[in-house]
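Engineer:
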Amino acid sequence: FIYILCCSPIDLATAIMKFEHALLLAVSSAIPKSASSFALRNLSPTNERDVYTMSDWAQSCGVQQAEGIQLTSYDGMDYFPATQSDIPAGSPVMFVPSDLIFSSSKAAQEFGGELSQCENQLVAAGLQDKVPLFRIFFKVMAEYDKGEQSAWFPWLNSLPRTFNTGASMTYDCFDVLPPYAAYCAFAERQNLVNFQKAATTFSPNHDSETLKWAYNVAITRSIERNNERFIAPLVDMFNHGADATVEISYDGNTGDCNAYASADIPAGSPLQISYVADPMDSTPLFATYGFLDETASATFCKLMHMLPEMEELGYSFADLLFYKETGDISPQVYDVVLYHVLKKSDESLAQQFYQAVMSGDEATKSQFQEQYWQYTKEELQSHVDGLLVELDQWSYTASQYDLNTHPRVPLILQHNAFVKDTFLRVKSTLDNM
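Structure (structure tokens):
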């Protein structure tokens, strides 16, 4: 009792998880192997993940980790590595040997022509860039089909059974999301559909739910380094953090994976990596990985109806940001809005402004912004006010959904609230200009 009262949350969570693991091992010794195989085949949310057996298996297969690192969970669903010891910056954190790693290049060698037939369909659909991911997906399915005969069975049996990714969402979900979130989530859903079509041309016996699970495993647990997609067991347990403390490297020559501390990590801390190159906008993480990073500093300004102007000016979604804490607006937003306004009213002026932006003529651009500021402000205010009304409507509609058939509603409401808070701050900024 003294330990429970005095220990940190991570220490307590780890102690509880260890106790549960000991019970699991005691019980599992009396269960026939066939039941263990059934556990993997049953992708029901009620089927618990066996992460500690996986951890023991990984270490027996050559995975090395720094002293004091343990798998931890606050809720019994999401597990992550945390350290009970201080780890100085630059120290090795984890090593996974090549033999344990799924990689896109090894999958291509293993499956050869079988894989090529499927990949040709993806290329025909314009998804050449998804081929490395598809190879990981194909490998996951191949090992899943082997059940307990798979050398990776302990890892497979430790994986989540359900996901909140865009690929797992329904059209009802898309209907209650802001346009950019719906756009990103729907893109993931379309990728899944194309993967399913390609896979079933070679192996038509898999049901859509199993293929969806395999896609989600591939997209959420693989990492891309040096044009190679790979999954390294245990390394795939690292959660995302905007202030990442761990860097992952993949040795293209040996095929090994190494994780190093990129900052001093104090005892009692989770070990986190960055899932994206630019973690400022939370929306891509929401759509691809199925969680909301509330530490993200900004969100896309949702000017989806101005995509042609954004692209013509050479900007991307990551450039057009509203900042959550301050209500600030990125300069590129003003450029796009003014360009949109000018195109509607005077094509000649629009071209002059376009040339100023593209040539980096800041003096001319500033003159345009000052002269037409009132029009830019009114256009932005109209957009912000309108989206705030729509957010309330979308969230109300989502709140009426049955959670049994729409289990992702809580995450959607959380996301919409994040966007609403940001837009309210931006509204205040604009109203006071």
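Residue numbering for the sequence shown follows the numbering used here, beginning at 113 and increasing consecutively.
Here a beta-carbon is modelled for each residue, glycine too, at the ideal position from N, C-alpha and C.
Determine which residues share a DSSP beta bridge with L183 and list them.
Structural biologist: Per DSSP, the beta bridge partners of L183 are P193.
Engineer: Helix, strand or coil for H352? Go by DSSP, reduced to three states.
Structural biologist: strand
Engineer: For R341, which beta-bridge partners are listed by DSSP?
Structural biologist: E336
Engineer: Need the endpoints of the alpha helix (DSSP H) that L500 sits in, please.
Structural biologist: 485 to 511
Engineer: Mind checking T400: buried by the 16 CB within 10 Å criterion, or exposed?
Structural biologist: buried
Engineer: Using the beta-carbon count (16 or more within 10 Å), is P266 buried or exposed?
Structural biologist: Buried, by the Cβ-count rule.
Engineer: Answer yes if the stretch 180 to 194 comes into contact with the stretch 325 to 344, meaning at least three C-beta pairs across the two stretches below 8 angstroms, and no otherwise.
Structural biologist: no
Engineer: Pull the bridge partners of N370 from the DSSP assignment, please.
Structural biologist: DSSP lists F207, S361 as partners of N370.
Engineer: Measuring only the C-alpha atoms, how far is Y283 from A510?
Structural biologist: 12 angstroms
Engineer: Please report the distance separating the alpha-carbon of L433 from that of A237.
Structural biologist: 31 angstroms
Engineer: Just checking my contact of Q249 with L227 at CB under 8 angstroms: how many whole Å lie between their CB atoms?
Structural biologist: Sequence inspection shows Phe at residue 249; the Gln mentioned does not correspond to that position. That pair is no contact at about 10 angstroms.
Engineer: Can you look up I248 in the DSSP assignment and give me helix, strand or coil?
Structural biologist: I248: helix per DSSP, three-state reduction.
Engineer: Rounded C-beta distance between A297 and C285? I'm assuming under 8 angstroms.
Structural biologist: That pair is a contact at about 7 angstroms.
Engineer: Note down, in chain order, each residue of its chain lying with its Cβ closer than 7 angstroms to the Cβ of L461, except the 5 sequence neighbours on either side.
Structural biologist: L454
Engineer: Identify the residues that DSSP records as bridge partners of Q177: which are they?
Structural biologist: M206
Engineer: Do the CB positions of A344 and V208 come within less than 7 angstroms of each other?
Structural biologist: In this structure, V208 lies closer than 7 angstroms to A344 by Cβ.
Engineer: Assign V501 to buried or exposed, taking buried as 16 or more other Cβ atoms, counted over all protein chains shown, within 10 Å of its Cβ.
Structural biologist: exposed
Engineer: Which residues in the same chain as E459 place their Cβ atom closer than 7 angstroms to its Cβ, once the five residues preceding and following it in sequence are excluded?
Structural biologist: Within the same chain, E459 has no close Cβ partners at all.
Engineer: If M422 sits next to V448, beta carbons under 8 angstroms apart, how far is it from one beta carbon to the other, in whole angstroms?
Structural biologist: 5 angstroms
Engineer: Hey, could you find the ends of the alpha helix (DSSP H) A299 is sitting in?
Structural biologist: 291 to 314
Engineer: Could you tell me how far apart the beta carbons of N276 and R520 are, in whole angstroms, since I believe they sit closer than 8 angstroms?
Structural biologist: Yes, N276 and R520 are in contact; Cβ-Cβ is about 5 angstroms, under 8 angstroms.
Engineer: Tell me, which residues are paired with E403 by DSSP?
Structural biologist: Note on residue identity: the sequence assigns Phe, not Glu, to residue 403. Its beta-bridge partners do not exist; DSSP assigns none.
Engineer: Does the Cβ-Cβ distance between I377 and I360 come in under 7 angstroms?
Structural biologist: no
Engineer: How big is the Cα-Cα spacing for G202 and A379?
Structural biologist: 16 angstroms
Engineer: Since Y435 is in the beta strand (DSSP E), which residue starts that stretch and which ends it?
Structural biologist: 433 to 435
Engineer: So, is M470 buried or exposed, given that buried needs 16 or more other C-beta atoms within 10 angstroms?
Structural biologist: With fewer than 16 Cβ atoms within 10 Å of its Cβ, M470 is classed as exposed.
Engineer: Cutting at 8 angstroms between CB atoms, please list the residues of its own chain near L503, excluding the five before and the five after it.
Structural biologist: P290, N528, V531, K532, F535
Engineer: Between which residues of its own chain and A410 is the CB-CB distance below 7 angstroms, once the five residues before and five after are set aside?
Structural biologist: M392, D393, L433, F434, Y435, K436
Engineer: Would K456 and V496 qualify as a contact pair, given that the criterion is a beta-carbon distance under 7 angstroms?
Structural biologist: no
Engineer: Just verifying my parser: in three-state terms, what is the DSSP assignment at P272?
Structural biologist: DSSP places P272 in coil when its eight states are reduced to three.
Engineer: Between S197 and R337, what straight-line distance do the alpha-carbon atoms span, to the nearest angstrom?
Structural biologist: 29 angstroms
Engineer: What is the DSSP secondary structure of T411, counted as helix, strand or coil?
Structural biologist: T411: strand per DSSP, three-state reduction.
Engineer: Just to check my reading of the structure: L351 and P382 have Cβ atoms closer than 8 angstroms, yes? What is that Cβ distance to the nearest angstrom?
Structural biologist: The sequence given here places Asn at residue 351; Leu does not occur at that position. Contact flag correct, Cβ pair sits at about 6 angstroms.
Engineer: Which class does D390 belong to by DSSP, given the choice of helix, strand or coil?
Structural biologist: coil
Engineer: Going straight from the alpha carbon of S216 to that of L523, what length do you get?
Structural biologist: 31 angstroms
Engineer: Roughly how many angstroms separate the alpha carbons of T541 and Q479, rounded to a whole number?
Structural biologist: 22 angstroms
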